[in-house]
Amino acid sequence: NAGVTQTPKFQVLKTGQSMTLQCAQDMNHNSMYWYRQDPGMGLRLIYYSASEGTTDKGEVPNGYNVSRLNKREFSLRLESAAPSQTSVYFCASSEAAGTYEQYFGPGTRLTVT
Amino acid sequence: GDSVTQMEGPVTLSEEAFLTINCTYTATGYPSLFWYVQYPGEGLQLLLKATKADDKGSNKGFEATYRKETTSFHLEKGSVQVSDSAVYFCALLSGGYQKVTFGTGTKLQVIP
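Heads up: the sequence lines are chains A and B, in that order.
Residues 1 to 113 (this note's numbering) are what the first sequence spells out, left to right.
Residues 1001 to 1112 (this note's numbering) are what the second sequence spells out, left to right.
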């Protein structure tokens, strides 16, 4: 089992460019999440998908869109990148019921210049 | 809303020292509480959890007790090792929701 995988690991964008961060899990989990991690602010939830076919906004959704492509995959899109979106992005997944542990991917370090 | 407050770091300890990282929370109802650990360059991993008052979570020599009366979930380890150097996050899950609220993280550095 690979667990949660994310691509790319690193990315540099210019202001205004767009990109999609990919996430996939092979644990048959129902729920998936996107977080950003910034110094001194811990992890903040951007969007989540409680189950296939549903997505909801988290704490900091502005400037992002998501797609739950199927049960395995959950992508995060930046339509017009801004320097404020420089961060480390983590994808996570969990079973929908019974357990609450979230499994995290290794992260994507994004720099917007 | 829900919130988690944990002590600011970095915390620097010598090997074999006793570790305490404080964590307090604010939440409605009866949340589940977690400690996650993040090693350099990696994602977060669940270290331990407690789902009801007075439960003690433990793993790899780390322990934390869910104290409802003081709304706390302090992380402790009797003898730290260099390999414990990482960032530790306290977190809670409130009610039946799948969204977890994280603290800001405490960096621990253990020196030989």
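Note that the Cβ used here is the ideal one computed from N, Cα and C, for glycine as well.
For residue i, the residue or residues it bridges with in DSSP
i	result
B:Arg1067	B:Ser1072
B:Val1004	B:Tyr1025
A:Lys71	Partner(s): none; A:Lys71 has no beta bridge.
A:Gly42	A:Asp38
A:Met19	A:Leu78
A:Gly107	Answer is none; A:Gly107 lacks a bridge partner.
A:Phe56	According to the sequence as given, residue 56 of chain A is Asp; it is not Phe. According to DSSP, which records beta bridges pairwise, A:Asp56 is partnered with A:Tyr48.
A:Phe90	A:Tyr35
Where residue i meets chain B, residues with beta-carbon distance less than 9 Å
i	result
A:Tyr64	The contacting residues do not exist; A:Tyr64 stays about 16 Å from chain B at best.
A:Phe90	Gly1043 and Leu1044
A:Gly40	Glu1008, Thr1104 and Gly1105
A:Gly58	Lys1099
Chain-order list of residues whose beta-carbon lies under 6 Å from that of residue i (same chain, five-residue window excluded)
i	result
A:Thr20	Ser75 and Arg77
B:Thr1005	Thr1024
B:Thr1065	Lys1056
A:Thr178	The question about residue 178 of chain A has no answer here: the residues shown for chain A are numbered 1 through 113.
B:Gly1061	Lys1077
Interface residues of chain A facing residue i [CB-CB closer than 7 Å]
i	result
B:Leu1046	Glu101
Proximal chain A residues relative to residue i, where beta-carbon distance stays under 8 Å
i	result
B:Gly1009	The contacting residues do not exist; B:Gly1009 stays about 10 Å from chain A at best.
Under 7 Å by beta carbon: chain B residues contacting residue i
i	result
A:Pro106	Glu1042 and Gly1043
A:Leu45	Lys1099
Residue i, buried or exposed, once every other Cβ within 10 Å from all chains shown has been counted against 16
i	result
A:Asp26	exposed
A:Val12	exposed
B:Asp1084	buried
A:Gln102	buried
A:Ser87	buried
A:Gly42	buried
B:Lys1049	buried
B:Pro1040	exposed
B:Val1082	exposed
A:Lys9	exposed
B:Thr1106	buried
B:Pro961	Residue coverage of chain B in this structure runs from 1001 to 1112, which leaves residue 961 of chain B outside it and unanswerable.
Within chain B, the residues that residue i reaches when beta carbons sit closer than 8 Å
i	result
A:Leu114	Beyond the ends of chain A as shown, which are 1 and 113, falls residue 114 of chain A; an answer cannot be given.
Other residues of its chain near residue i: CB distance less than 8 Å, five sequence neighbours each side excluded
i	result
A:Glu52	Asn30, Arg68, Asn70 and Lys71
B:Leu1013	Leu1019, Val1080, Leu1108, Gln1109, Val1110 and Ile1111
A:Thr113	Val12, Leu13, Lys14, Thr15 and Pro83
A:Val60	Arg36, Arg44, Leu45 and Ile46
Contacting residues, own chain, Cβ-Cβ under 7 Å from residue i (five flanking each side not counted)
i	result
B:Ser1058	Leu1048
B:Thr1070	none
Chain-ordered residues of the stretch 1054–1077 of chain B with a beta carbon less than 7 Å from chain A: Nothing from the stretch 1054–1077 of chain B brings a Cβ to less than 7 Å from some Cβ of chain A.
Could you list the residues in the stretch 1083–1106 of chain B with a C-beta less than 7 Å from some C-beta on chain A, going in chain order? Phe1089, Leu1093, Gln1098, Lys1099, Val1100, Phe1102, Gly1103, Thr1104 and Gly1105
Going along the stretch 1030–1043 of chain B in order, which residues come within less than 9 Å of chain A, judged by CB to CB distance? Ser1032, Phe1034, Tyr1036, Gln1038, Gly1041, Glu1042 and Gly1043
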